[in-house]
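Structure, as structure tokens:
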Amino acid sequence: MSLLALNDVNVTTEAGGRRIDVLRDVSLAVGRGELVGVVGESGAGKSMVGRLIAGMLPKGFATSRGSVTFLDRDLLAMAPRERTGLLGDAIAFVPQHPMTSLNPVLSLGAQFDEHLRRLGQDGKAARRERALAALDSVHLPRPADLLGRFPHQLSGGQCQRALIAMAFAGKPDLIVADEPTTALDVITQARVMELIDELQRDSETGLLFITHDLRLAAQHCQRLAVMYAGEIVETGPAAALLSDPLHPYTRSLVAANPGIAGPVRRLAALPDHMPGLSGFADLPGCRFAPRCPVRDAACAAARTALTEVVPGRFVRGAGACRKQASALAGQDELPRAAADAAAPPILSVDGLGKTFRSGRDWLGRRRAPVVAVDGVSLDIAPGEFVGLVGESGSGKSTVARLLLGLETPDGGRIVVDGQDITGPFQRTAKQRIALIQMIFQDPQSALNPRQRIGRLVTQSMEVRRPPARWPERLERARDLLGQTGLPQDTIGRYPVQVSGGQRQRVNIARALCTAPKVLVADEIVSGLDVSVQAQILNLLLDMRAQRQISMLFISHDLSVVRYLCSRVAIMNRGQIVEQGPTEQVFRAPQHDYTKALLAAVP
Amino acid sequence: MSAAAVGGESPLRRALRSGRVVVGGSILVVLLFCAAAAPLIAPYDPNEQDLLNALKGPFWTDNAAPGFWLGTDNLGRDTLSRLIYGTRVALFVAVCAAVGTMLMGTALALLAGYFGGVIDWLISRAVDLWMSFPPVVLSLILIVGFGVGIGNVILAIILVDWTRFCRVVRSEVLVIRRQNYVDAARLSGFSHMRTMVREVLPAAAPTIITLMSLEMGIAVIVEAILSFVGMSVEASIPAWGVMIADARNYMYQSAWGLVLPILAIVTTVLAFNLLGDGLRRTFDARLQQH
Ligand SMILES: Nc1ncnc2c1ncn2[C@@H]1O[C@H](COP(=O)(O)OP(=O)(O)OP(=O)(O)O)[C@@H](O)[C@H]1O
Ligand code: SF4
Ligand SMILES: [Mg+2]
């Protein structure tokens, strides 16, 4: 008997005068003590499933078909009050953003107390005992001390553990965890997942784990459901689903994820991106059809249903799905760009250091200094991609800002193409702009929303002497858009009018405008969906092949670094603790920190 | 709800869909018209006396006199004409004071928020110090120092109120400054000046416009108070504050002389506030959709 079962649920909303099924035919079951993963890219409807169970569909959304049964009772037919009562005790939720889900003005203890009181625990002392035990069970050290602290005095990982402790404290039948580790760094993520596994093993609790990370889900869940555009396209046992995906979308998802071990092959990237809500209405048949590499004529119209293909494994789709797609089969192994060891490095950094002392309190007293970067030395050969890896706050972005001159270093030297550009930005701006450029992490914040893309990408021509005239800029803009695989009609659009992946391409195009020798890329794919990420990674590889560009690639994602970079530097607390050829460092890490980092990769 | 729809619509069109903006804006258009066309639409010269028809009430009262729609004051001057001419002083002060406070406050806020560090510290402390004086006391001290006159009134308002602008805009600039596109502009070779004007200022413009319209409302009140106590325009120039002061002594014979200019002030301030509030809401809504 399953604990929770969704049977053919449709959630419908109205947009532009049309009815749109945000969720279509969603069927899903979670048994007692079972860990089920729901995997999908952003906008696939994963969170909508969570909201449906919680009875918190956004305004204007309603279930139009199907049923949600929990402990053999229909949640949808229940009166709201009865339902709320049931949810509080029997279903707990772990949210995505731990910091914002705790009340900032109440201590952790007060919030725990309130939570347990709602669950019906009498006696303040008893509640405190239970809170202490719960915090202890999530391996938070010194629980008594933690209860007196406020959320801002805890790290993201500590907050998330506290929330997990709260969720399990009520001994619920079911926990719904929506991206519980997305806001955390790899090492913390691994610890939190381990913890969820452990707590769940010891109880009868069923757990619905919502995530965008297929590998992570496969590692921890018994069963997976893969979602695309509001539909479940495949469900089955986690291991089988990852090793032998059946649906074309699942297959491309697996193919788009670079591995941490094994041969490095060129990623098979899907074209385009998942349609938005309003696009669903134009896809009466298979919603994956516009991007599917093996579609045939019937797909776009055929109403598909989940069918059992192999015992225990369900796939949604028409006959064409099962065609063995050559487009998705393994690609050729990528040649590792062997850097020319004899050539002088294009970028050479020696003993770079930066301590932040700028903070002042309201009296003008200086705050305690933060050593963000401490004696970093690094060389990059022409045409070489070097990865810079480290957890949050290790100083990676500060290195980038120092290289670009956005911060002035306290010590050390930066030499690009034989020119020393260490000095303050004003004095070195001219050389820097032509030699080294930056691709920013968040394309949303890196592109001025008030300017058209054509202007944005050719921004640096505006201040050239003599200033470039408009036809010349237009021509350059066309050229840059072509190089980065953007359609020409984006030239007159604003950044909000293109997709996230395209925005990141605009960001790259702008960095290429001055034809720099070195690019510094700070976490440029971390905000993107897997299939879009694969497109960008391939674009970077093509750029390297075509124009011998060098890059410092900053990332926390080791598999992505392995895919792109022939060398890697591991950073911890402002220092580079280990550096060398990627394969060598990943196969035989020397430093403890590198080992911990590698062990944490799902 | 598509991105195209959001980005494609002009800010003006969006603003015009807000009821507040439409109501506030319409009142202001009428007031502007009165100010501009005062000699054409006012039935009388505002200083023309008709002592036989002194202290008359508006047309709907028993005490009305034909031809004087809103009655007359103690010297028999036509209230309607004086109200119409009064918009000139009110709007002139409102616009000049708002532009002045905006220029001074925004310039300093830009410098403080953009450069940060010592510059920010100095400017912020100056603002704190300045704001620790009660505004009424400060403006009276300034007027006493400068002497009376409408130019000095404007100057006093600017010197008292630039801090409000500076504070709000500075915190806005601090947020904008952290956007990566500002750094990206620097990396493209933009000078500090160009970066401030091209990248930072437009992003702060909604806040600045909103603050300006609120500031205009404040300026109207301050001017009225100062002309009431005789520190603004000369008594011969029709201003709403002057009208109130004149009517005060005859309150019991004809309260309308007092009520009507007060109504004019309230309406004007309300219009500015509605406009400012409406604009703020439109801009906020746009930001949320981004
Ligand atoms: N302008 C600044 N003023 C003061 N401290 C700063 C400043 N910029 C960064 N720091 C501090 O320097 C340290 C390193 O920060 P940095 O942004 O380089 O980390 P990171 O490795 O890029 O982290 P993430 O992975 O989260 O992006 C942190 O402790 C941070 O708080
Ligand atoms: S139904 Fe057709 S388009 Fe859809 S996944 Fe299967 S093959 Fe592709
Ligand atoms: Mg960073």
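Going down the list, the protein sequences come from chains A and B.
When the letters of the first sequence are read in order and numbered with the working numbering, they come out as residues 1 to 602.
When the letters of the second sequence are read in order and numbered with the working numbering, they come out as residues 603 to 892.
A virtual CB, placed ideally from N, CA and C, is assigned to each residue, including glycine.
For G485 of chain A and C321 of chain A, the rounded distance between their alpha carbons: 28 angstroms
Counting C-beta neighbours from all protein chains within 10 Å, is the total for S531 of chain A 16 or more, i.e. buried, or is it exposed? buried
Under the rule that 16 or more other beta-carbon atoms within 10 Å means buried, what is F553 of chain A, buried or exposed? buried
Local conformation of H892 of chain B per DSSP, three classes: Confidence at H892 of chain B is low in this model, with a pLDDT of 39, below 50, so its placement is unreliable and no value can be given for it.
Scan the stretch 788-805 of chain B for residues whose Cβ lies nearer than 8 angstroms to a Cβ of chain A and list them as they occur along the chain. R788, L789, S790, G791, F792, S793, R796, E801, P804 and A805
Taking 7 angstroms as the threshold (beta carbon to beta carbon), is R130 of chain A in contact with chain B? no
Given this structure, state the Cα-to-Cα distance separating A700 of chain B from M845 of chain B, to the nearest angstrom. 24 angstroms
Would you mind working out which of B:V623, B:D675, B:L712 and B:A711 sits nearest P648 of chain B, comparing C-alpha positions? B:D675
If the criterion is Cβ atoms closer than 7 angstroms, does the pair A714 of chain B and R772 of chain B meet it? yes
So, using beta-carbon positions, are G412 of chain A and D350 of chain A closer together than 7 angstroms? yes
Going by beta-carbon coordinates alone, are P143 of chain A and L135 of chain A separated by less than 7 angstroms? yes
Could you name the residues of chain A that L783 of chain B contacts, counting a contact when the two beta carbons are closer than 7 angstroms? Note that residue 783 of chain B is Tyr in the sequence shown, not Leu. Those within 7 angstroms of Y783 of chain B in chain A are S445, A446, L447 and N448.
Three-way DSSP call (helix, strand, coil) for S734 of chain B in this model: coil
Less than 7 angstroms between C-beta atoms, sequence neighbours within five positions excluded: which residues of the same chain meet that for P603 of chain A? Look at the range of chain A in this structure, 1 to 602, and you will see that residue 603 of chain A is not part of it.
Quick check on G55 of chain A: does DSSP put it in helix, strand or coil? coil
Answer yes or no: do A269 of chain A and A256 of chain A have a C-beta to C-beta separation smaller than 7 angstroms? yes
For chain B, is any of its Cβ atoms less than 7 angstroms away from the one on V463 of chain A? yes
Report whether the distance from the Cβ of F792 of chain B to the nearest heavy atom of ligand 2 is below 6 angstroms. no
Going by DSSP, what residues sit across from L552 of chain A in a beta bridge? A:V386 and A:V520
Can you pull the chain A residues whose beta carbon is under 9 angstroms from the beta carbon of A699 of chain B, in chain order? Result: empty, since nearest Cβ-Cβ is about 29 angstroms, beyond 9 angstroms.
I'd like to confirm something about F61 of chain A: is its beta-carbon nearer than 6 angstroms to some heavy atom of ligand 2, or not? no
Member of B:A806, B:I867, B:G859 and B:M853 whose CA lies at the smallest distance from the CA of T708 of chain B: B:A806
Output needed for R303 of chain A: all residues of its chain with C-beta closer than 8 angstroms, excluding positions within five of it in sequence on either side, in chain order. P284 and G285
So does V294 of chain A have its beta carbon nearer than 6 angstroms to some heavy atom of ligand 2? yes
Span of the beta strand (DSSP E) holding F209 of chain A? G206 to T211
Could you confirm whether any beta carbon from chain B is found closer than 7 angstroms to the beta carbon of L347 of chain A? no
Outcome for Y646 of chain B when other beta-carbon atoms lying within 10 angstroms are tallied against a minimum of 16: buried
Assess, as a yes-or-no matter, whether the stretch 718-733 of chain B is touched by the stretch 783-798 of chain B under the definition of 3 or more beta carbon pairs within less than 8 angstroms. no
Could you tell me if the beta carbon of F356 of chain A falls within a distance shorter than 6 angstroms of some heavy atom in ligand 2? no
How would you call S326 of chain A, buried or exposed, if buried means at least 16 neighbouring beta carbons within 10 angstroms? Its pLDDT being 49, under 50, S326 of chain A is placed unreliably in this model, and the value from its coordinates should be taken loosely. With fewer than 16 other Cβ atoms within 10 Å, it is exposed.
Going by Cα to Cα distance, which pick from A:G383, A:V30, A:F385 and A:P409 is closest to G395 of chain A? A:P409
Taking only beta-carbon positions, decide if F61 of chain A is within less than 7 angstroms of chain B. no
For chain A, is any of its Cβ atoms less than 7 angstroms away from the one on A644 of chain B? no
I'd like the list of long-range same chain contacts for G405 of chain A, defined as Cβ closer than 8 angstroms, with 5 residues on each side in sequence excluded. I421, P424, F425, T428, A429 and R432
Would you mind working out which of A:M166, A:E34, A:L86 and A:D272 sits nearest R503 of chain A, comparing C-alpha positions? A:D272
Verify whether the separation of the beta carbon atoms of A511 of chain A and L519 of chain A is less than 7 angstroms. yes
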